[in-house]
Amino acid sequence: MRNTPPLRALHAFEAAARHGSFKAAAVELGVTPTAISHQVRLLEEICGLKLFQRRPRPLALTSAGARLFPILRNGFDILAGSLAAVADSDVQTPLRVTSPNA
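Structure follows, in structure tokens:
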């Protein structure tokens, strides 16, 4: 069985890395900066790697975080594109049923 991190933790990390700020990530995701920090720490524990350099501003990625960020960003972009494609292809067309006269 895989030890897959929760999607919430992956999303929190991706948003924090993209914004360079736990606060901005929190605003985007509608949670507190503390919640972002907890999710990032959970992800770090699962991965066994530090993803951010813990220092006062600005927020900086470690080398592991810098490798993970584009992978997750691409993954979230693919998911969003897939959902949009499914929604666009869900155009309802009438179903015609014919049968021979009996």
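Just so you know, the sequence shown maps onto residues 1 to 102 in the numbering used here.
All C-beta atoms in this analysis are idealised placements derived from N, C-alpha and C, irrespective of residue type, glycine included.
Quantities reported herein were computed from a predicted structural model and do not represent experimental measurements.
{"Query": "Distance CB(Q53)-CB(A60) smaller than 7 Å", "Result": "yes"}
{"Query": "With 16 other Cβ atoms within 10 Å as the buried cut-off, status of M1", "Result": "Residue placement at M1 cannot be trusted, given a pLDDT of 45 that sits under 50; what the coordinates show is reported in the next sentence. With fewer than 16 Cβ atoms within 10 Å of its Cβ, M1 is classed as exposed."}
{"Query": "Of the residues I36, A66, R55, A87, the one placed nearest L49, counting alpha carbons only", "Result": "A66"}
{"Query": "First and last residue of the uninterrupted alpha helix (DSSP H) at P70", "Result": "63 to 88"}
{"Query": "Closest residue to C47 among P6, V97, N101, P100 (Cα-Cα distance)", "Result": "P6"}
{"Query": "Identity of the residue in A87, R18, A24, D77 nearest L51 by Cα", "Result": "R18"}
{"Query": "Delimiting residues of the alpha helix (DSSP H) encompassing T34", "Result": "33 to 47"}
{"Query": "Between the CA atoms of P56 and A35 - distance to the nearest angstrom", "Result": "18 Å"}
{"Query": "Buried versus exposed call for E45 [16 or more other C-beta atoms within 10 Å across all chains shown]", "Result": "exposed"}
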